[in-house]
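A short worksheet on the structure shown next.
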Amino acid sequence: MRPWRKKKENRNAMNECRIDERIDDLQRNGYRIIQKKTGFHFGTDAVLLSDFACVKAGERVLDLGTGSGVIPILMEARSQGAHFTGLEIQTDLADMAARSVRLNGLEDCVEIVLGDIKEASRICGRASFDVITANPPYMTGSHGLENPDPMKAIARHELLCTFADVARETEALLRPGGRFYLVHRPRRLAELISTMREYHLEPKRLRFVYPFADRMAKLVLIEAVRGGGVMLKVEPPLVVFREPGIYSEEITAAYGN
């Protein structure tokens, strides 16, 4: 149950939404999100990451590469965290995310910062956060066709940062014992774990996400602890659809409706 938190009065949607944008219902606390009518939208991976991450009362949270700002907004709705920051390098996306924060009256507890993940510890402060989340680009520069839409290309391909950049800055940003939550592709799991360990982020919890029970896993959710001991728990599989077009109960709960 989300605690009561005094919010500023929600802004008029027409004042925050541009002509090429739309406003979607997040199904949580009446919150809404501004997105482009066409182009990049947040996906199931962002929703699952916000549901997988654990935030305790009073903790400070940073979302690296926040895009539309959906993860910090959803995590504010789900948890008792004290403050949530979203870092985004693309000016248009950062502006859109900040307007979504204002639209929901969350300026006192959610902040959007314009900046480069590779400079995150300098921008946001070393050892300043209890929790960090990341839904980074899944594809290396040499894998897959690069999308002609620059916003989509940056979100999907490691054009502006690598996973090593994310891991290095996460180690610097987290307090000792702080937690890192990640969603990524299973095909890169060995690389992800090796890189996290290089930066003293010890994987503690792992869950595979399957589109259907009889298909191969498409996503993996990982929790790591800065300076944690060596012990990894693999959780039961998470299945998105129980039949075509119908979400499983767990996915329906994650979406809030």
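Under our numbering, residues 1159 to 1415 are what the sequence shown spells out, in order.
The beta carbon of each residue, even a glycine, is placed where N, CA and C say it ideally should be.
A1211 carries a coil assignment under DSSP once its states are collapsed to helix, strand and coil.
The closest CA to that of G1188, considering only A1278, A1215, K1214, S1258, is found on S1258. Beta-bridge partners assigned by DSSP to G1244: D1221, I1270. With fewer than 16 other Cβ atoms from the protein chains shown falling within 10 Å of its own Cβ, R1373 counts as exposed. Between H1358 and G1336, the C-beta gap is not smaller than 8 angstroms, which leaves the two residues out of contact. Straight through space, the alpha carbons of I1177 and A1375 are spaced by roughly 38 angstroms. Judged by DSSP secondary structure, A1322 falls outside any beta strand (DSSP E) and instead within the alpha helix (DSSP H) spanning 1321 to 1331. Within the same chain, and ignoring the five residues on either side of L1379 in sequence, the residues whose Cβ sits closer than 6 angstroms to its Cβ are F1210, V1341, R1365.
The stretch 1241 to 1251 makes contact with the stretch 1262 to 1282; the number of CB pairs closer than 8 angstroms reaches 3 or more. One Cα belongs to G1201, the other to I1290, and the distance between them is close to 19 angstroms. Annotation for P1395: F1366, Y1368 place their beta carbon closer than 6 angstroms to its own, counting only its chain and skipping 5 residues before and after. A direct Cα-Cα distance of roughly 15 angstroms separates L1332 from C1212. Following the DSSP letters along the chain, one finds L1350 inside the alpha helix (DSSP H) bounded by residues 1347 to 1356. Across the set L1390, A1255, R1345, the C-alpha of L1390 shows the shortest separation from the C-alpha of R1355.
Judged by beta-carbon spacing, A1382 lies beyond the 8 angstroms limit of P1402, meaning their Cβ atoms are not closer than that value.
By the Cβ neighbour-count rule, T1196 is exposed, with fewer than 16 other Cβ atoms within 10 Å of its own. Looking at the backbone, the Cα of I1181 and that of V1397 are separated by about 28 angstroms. When F1338, R1190, E1408 are compared, the shortest CA-CA separation from G1263 is found for R1190. By the Cβ neighbour-count rule, P1294 is buried, with 16 or more other Cβ atoms within 10 Å of its own.
Excluding its 5 nearest sequence neighbours in each direction, G1387 has C-beta neighbours in its own chain below 8 angstroms: E1360, listed in chain order. Residues of the same chain with a CB within less than 7 angstroms of the CB of C1175, apart from the 5 flanking positions on each side, are I1181, I1192 in chain order. With respect to the 8 angstroms criterion, I1231 and V1268 are classified as neighbours on the basis of their beta carbons.
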